[in-house]
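Below is one structure, written out as structure tokens; the observations come after it.
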Amino acid sequence: MAIKEAVRTGGRSARVQESIHRAVRDLLEAHDRAALSVPMIAAQAGVTPSTIYRRWGDLSTL
1 MAIKEAVRTG
11 GRSARVQESI
21 HRAVRDLLEA
31 HDRAALSVPM
41 IAAQAGVTPS
51 TIYRRWGDLS
61 TL
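Sequential numbering from 1 applies to the sequence shown in my numbering.
Structure below.
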């Protein structure tokens, strides 16, 4: 009998990254780039600001 393995879609890390990138895109439609902040992006993405700082370091890297 063959055993089927479930295909992973990237896990939590991929979902967090996508939600942050989506939040940036959505916010850029409504605000000027200079108006964006890490706390604003984090709130839109449903994560803490420290999640963004830990992964990207600062807003310009994101």
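Idealized CB from N, CA, C, for every residue including glycine.
Keep in mind the model is a prediction, meaning the values are calculated, not measured.
Check, Outcome
"Local conformation of H31 per DSSP, three classes", "coil"
"T51 to H31 span [Cα, whole Å]", "22 Å"
"Reference S19, options D58, G57, I41 and E29, closest by Cα", "I41"
"Classification of L27 by the beta-carbon crowding that lies within 10 angstroms, buried from 16 upward", "buried"
"C-alpha gap between L62 and R12, whole angstroms", "18 Å"
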